[in-house]
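Heads up, the thing below is written out as structure tokens.
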Amino acid sequence: MSTRAATPTAREVAVPAGDPRFAELAARGHNQRFAGTPDRLWLPRSTEQVETVLRQAVETVGAGGRIAARSGGHCLEDFVDNPRVRGLVDLSGMTKVRFDPAHRAFAVDAGARLGEVYRRLYLNWGVALPAGENAGVGAGGHVSGGGHGVLCRSHGLVVDHLYAVEVVGVDASGEVRAVVATREHDDPNRELWWAHTGGGGGNFGIATRFWFRTPGGDASDPATLLPAPPDPVLRFRAEWPWAGLTGDGFARLVRNHGAFFERHADPGSPYAGLYDELYLQRKELGTIFLIGQLAGGPDAERLLAAHLAELSDGVGVAPTVTRSATVPWVTAAVRGLSDEPGVRWRMKIKSGYLRRCFTDRQIAALHRHLTRADPGLAAGMVTLMSYGGAVNTVNSAETAMAQRDSILKLSYLAAWFTADQDAAHLAWLRDLYADVYADTGGVPAPGEVNDGCYINYPDADLADPAWNTSGIPWHRLYYKDGYTRLRRVKARWDPLGVFGHRLSVQA
């Protein structure tokens, strides 16, 4: 007699509108510009429950309505928190992290937060994933979009270790079923696995579980199947004051930073264990700052000092090191890089990649907008995140993450608190971005310097001809030649178009 529990009804995992949890779950997104108003909300705790609720969602969500899934709630556009989303499947109850001997891989539920994933992997097996630095992000969207983080220069992207994915989808007959797709070349579902190595969330079905094992790792000992993190690590923060920083000094700092990562793009560099983020904040915020971490060891302090000296050479103002501490890796991973509590802002983000340093004209555009007098603006910044190293050892066609020869990943961010500030902040950010990429139609068109955008920082402006005058479609900026392949996956695995949003893959 089977001991398997009976399949639950959707009612058993539904959160009704009158439930005190409903309002919080419905509007749990990170970006406060967008608010969800779903009619139905479910909180499943297993793949079987996701199948059950998706069947009901397909039957009950009306024409013109959409079904969406949420893991951590960090989507920065309105793909989930949108009036058209009438049925919301919240995966925050699915948080298991375990070793699966059948796949010889680590299984991570899609609702697990990255900080908890790091803690469990390290404390139980001494291993790590090179995923994001924000400990509160959920695995589901982060992995599907090809996430990067503080270990990426030494161990690649999180999807470079993705062995399998479980997806609950809807076939051409309307039947709901769960499918496991692996990277094995003889797996008939392999293309579904490939689509989840950077194809973005919300496109093909609801990803419920991921399995991770580093390629070539077939040993029976779980401790050998993922990278061992550096332990301890040296965390640091340094600041350059805007006061006394001339335009030439600003340009020198940005050039020095880009040149450093051009020189140290090889995975064999002594700085392969370095990850940092240079925050070019608006002048009114007082400083430009650098945060990051470096693999600990006897040379860590020397390497950091040399790094800061190279960045500051000829800048005209000296940096102040406001934090330098050696801590256990797991402590750093669970805290996140910034050590700051999460704040829910209204925000807009844009992205880019650099194959080499910004041009002089681009640096002048950055300086012009960061030093503009814009009374009333809150936070505005451009962040240069270190990239390259092991990331660039993977062929661009092996995963859906096509950017595999860049040295820096970029985010352009405006953040504020109230709706009456929306227009001013959006205008500032859009003007900045359009100016930086004025030579290529207002977007980072793939070329000698730029290499497109990052789907986990989605930007609906890329699909708007008012802001993208390049003639290059939004999907090429994210996926380059891989979009044709993603369309084939979409046609097979979501033939009825159940899943979609403003930047979703089209069959």
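Under this note's numbering, think of the first position of the sequence shown as 477, with each following residue one higher. Even for Gly, the Cβ is constructed at its ideal location relative to N, Cα and C. Model, not experiment: these values are computed from the prediction.
Using the three-state DSSP reduction, which class does R685 fall into: helix, strand or coil?
As a working note, residue 685 is residue 209 in the sequence shown. Three-state result, R685: strand.
Put L796 into one of helix, strand or coil per three-state DSSP.
For the purposes of this step, residue 796 is taken as the residue at position 320 of the sequence shown. Before going on, a small fix: residue 796 reads as Thr here, not Leu. The answer is strand: DSSP assigns T796 an E or B state.
For K966, count the other beta carbons within 10 Å of its own beta carbon; 16 or more makes it buried, fewer makes it exposed. Which is it?
Numbered from 1 along the sequence shown, position 490 holds the residue referred to as residue 966. Buried is the call here.
Nearest to S522 by CA position, among V644, I543 and A511, is which residue?
Taking the first residue of the sequence shown as position 1, residue 522 is located at position 46. Taking only the C-alpha atoms, the option nearest S522 is V644.
Spell out a yes or no on whether the stretch 599–610 and the stretch 621–630 are touching, meaning 3 or more CB-CB pairs, one atom from each, closer than 8 angstroms.
Yes: the two stretches touch, three or more of their Cβ pairs being nearer than 8 angstroms.
Find the nearest neighbour of D911 within the set R844, P934, T960 and Y863, judged by alpha-carbon distance.
Here residue 911 corresponds to residue number 435 of the sequence shown, with the count starting at 1. Answer by Cα proximity: R844.
What separation, rounded to the nearest whole angstrom, lies between the Cα atoms of G918 and Q838?
Position 442 of the sequence shown, counting from 1, holds the residue named residue 918. Position 362 of the sequence shown, counting from 1, holds the residue named residue 838. So the alpha carbons of these two residues sit roughly 12 angstroms apart.
Which residue wins for smallest C-alpha separation from C551, given the options P520, V573 and S620?
Residue 551 sits at position 75 when you count from the first residue of the sequence shown. Of P520, V573 and S620, the residue nearest in Cα terms is S620.
Determine the contact status of A865 and A748, defining contact as a CB-CB distance below 8 angstroms.
For the purposes of this step, residue 865 is taken as residue 389 along the sequence shown, with counting starting at 1. For the purposes of this step, residue 748 is taken as residue 272 along the sequence shown, with counting starting at 1. The question names Ala, but residue 865 is Gly in the sequence shown. It is a contact, given that the beta carbons lie within the stated cut-off.
When DSSP labels each residue in this structure, what does I948 get in the three-state scheme?
Taking the first residue of the sequence shown as 1, we reach residue 948 at position 472. Note: I948 maps to coil in three-state DSSP.
Whose CA, out of T875, N926, A544 and V635, lies closest to the CA of Y959?
Locating residue 959 in the sequence shown gives position 483, where the first residue counts as 1. Comparing Cα-Cα distances from Y959 to each of T875, N926, A544 and V635, the minimum goes to T875.
What whole-angstrom Cβ distance do R546 and L567 have, given they're in contact under 8 angstroms?
Against the sequence shown, residue 546 aligns to sequence position 70. Against the sequence shown, residue 567 aligns to sequence position 91. With 8 angstroms as the limit, R546 and L567 qualify as a contact, their Cβ atoms being about 7 angstroms apart.
By the three-class DSSP mapping on this structure, what secondary structure does F736 have?
By one-based count along the sequence shown, residue 736 stands at place 260. Helix.
Ordered along the chain, which non-local residues of its own chain (more than five positions away) have a Cβ less than 8 angstroms from that of D557?
Working through the sequence shown from its first residue, we reach residue 557 at position 81. Closer than 8 angstroms at Cβ, skipping near neighbours: A503, G505, N507, F510, A511, G512 and C551.
Suppose only complete runs of 3+ residues qualify. What are the beta strand (DSSP E) ranges in the stretch 558–642, listed by chain order?
For the stretch 558–642, whole beta strand (DSSP E) runs of length 3 or above, ordered along the chain, are 561–566, 573–576 and 581–585.
Less than 8 angstroms between the CB atoms is what I'm expecting for T796 and V925, so what's the real figure, rounded?
Taking the first residue of the sequence shown as 1, we reach residue 796 at position 320. Taking the first residue of the sequence shown as 1, we reach residue 925 at position 449. Actually they are not in contact, since the Cβ atoms of T796 and V925 sit about 31 angstroms apart, beyond 8 angstroms.
Exposed or buried, R964, counting other C-beta atoms within 10 Å across all chains shown (16 or more means buried)?
The residue you call residue 964 lines up with position 488 of the sequence shown. Exposed is the call here.
Quick check on the DSSP output: the alpha helix (DSSP H) that includes W805 runs from which residue to which?
Counting from one through the sequence shown, the residue named residue 805 turns up at place 329. Residues W805 to R811.
Taking 8 angstroms as the threshold (C-beta atoms), are E777 and I767 in contact?
Residue mapping note: residue 767 aligns to position 291 of the sequence shown, counting from 1. Residue mapping note: residue 777 aligns to position 301 of the sequence shown, counting from 1. No, the pair does not count as a contact, with Cβ atoms beyond the cut-off.
Nearest to S649 by alpha carbon, out of K956, R531 and Y755?
Here residue 649 refers to the residue found at position 173 when the sequence shown is read from its first residue. Taking only the C-alpha atoms, the option nearest S649 is R531.
If you drop the 5 nearest sequence neighbours on each side, which residues of the same chain put their C-beta closer than 7 angstroms to that of S946?
Translated into positions along the sequence shown, residue 946 becomes position 470. Result list for S946: T916, G917, G918, V919 and A921, in chain order.
Return the Cβ separation of G675 and L962 in integer angstroms, given the expectation that the two are a contact with Cβ distance under 8 angstroms.
Reading the sequence shown from its first residue, position 199 is the one you call residue 675. Reading the sequence shown from its first residue, position 486 is the one you call residue 962. Contact holds; Cβ gap of about 5 angstroms.
Would you give the residue range spanned by the beta strand (DSSP E) that K956 belongs to?
Counting from 1 along the sequence shown, the entry for residue 956 is found at position 480. That residue, K956, is in no beta strand (DSSP E); it is neither H nor E in DSSP.
Could you check where the alpha helix (DSSP H) with T528 kicks off and where it finishes?
For the purposes of this step, residue 528 is identified with residue 52 of the sequence shown, where counting begins at 1. Looking at the DSSP string, the run of the alpha helix (DSSP H) that includes T528 is T523 to T536.
Kindly indicate the opening and closing residues of the beta strand (DSSP E) around V491.
For this step, residue 491 is matched to residue 15 along the sequence shown. It is not in any beta strand (DSSP E) - V491 carries neither H nor E in the DSSP assignment.
Between G923, A890 and Q897, which has its C-alpha nearest D907's C-alpha?
What you label residue 907 is simply residue 431 of the sequence shown in a count that begins at 1. It is A890.
Does the pairing of the stretch 922–942 with the stretch 823–830 give three or more beta-carbon distances under 8 angstroms?
Counting Cβ pairs under 8 angstroms, three or more are found: they touch.
Please work out which residues of its chain come closer than 6 angstroms, Cβ to Cβ, to Y909, disregarding the five sequence neighbours upstream and downstream, and give them in chain order.
Residue mapping note: residue 909 aligns to position 433 of the sequence shown, counting from 1. Excluding sequence neighbours, Y909 sits near K826 and Y888.
Could you give the residue range of the beta strand (DSSP E) that holds A771?
In the sequence shown, counting from the first residue as 1, residue 771 sits at position 295. Taken as a continuous stretch (DSSP letters only), the beta strand (DSSP E) holding A771 covers T763 to A771.
Round the Cβ separation of W993 and W892 to the nearest angstrom and send it over; I've been treating them as touching at under 8 angstroms.
In the structure as shown, the chain starts at 477 and stops at 983, and residue 993 therefore has no counterpart that could be examined.
Using DSSP with H/G/I as helix, E/B as strand and the rest coil, what is V870?
Position 394 of the sequence shown holds residue 870. V870 falls in the coil class under three-state DSSP.
Between H977 and G678, is the Cβ-Cβ spacing less than 8 angstroms?
Translated into the one-based positions of the sequence shown, residue 977 becomes position 501. Translated into the one-based positions of the sequence shown, residue 678 becomes position 202. For H977 and G678, yes; Cβs fall inside 8 angstroms.
So V870 and D636 are supposed to be a Cβ contact under 8 angstroms. How far apart are they, rounded?
One-based indexing of the sequence shown puts residue 870 at position 394. One-based indexing of the sequence shown puts residue 636 at position 160. About 6 angstroms; that satisfies the 8 angstroms criterion.
Which term fits G587, buried or exposed, when burial requires 16 or more other beta carbons within 10 angstroms of its beta carbon?
Your numbering for residue 587 matches position 111 in the sequence shown. Counting Cβ neighbours within 10 Å, G587 comes out buried, since at least 16 surround it.
From the DSSP output, which residues share a beta bridge with G645?
Sequence index remark: in the sequence shown, residue 645 carries index 169 (1-based). Beta-bridge pairing links G645 to R653.
Taking 8 angstroms as the threshold (C-beta atoms), are F680 and F498 in contact?
Residue numbering aside, residue 498 sits at position 22 when the sequence shown is read from its first letter. Residue numbering aside, residue 680 sits at position 204 when the sequence shown is read from its first letter. Not a contact, by the Cβ cut-off of 8 angstroms.
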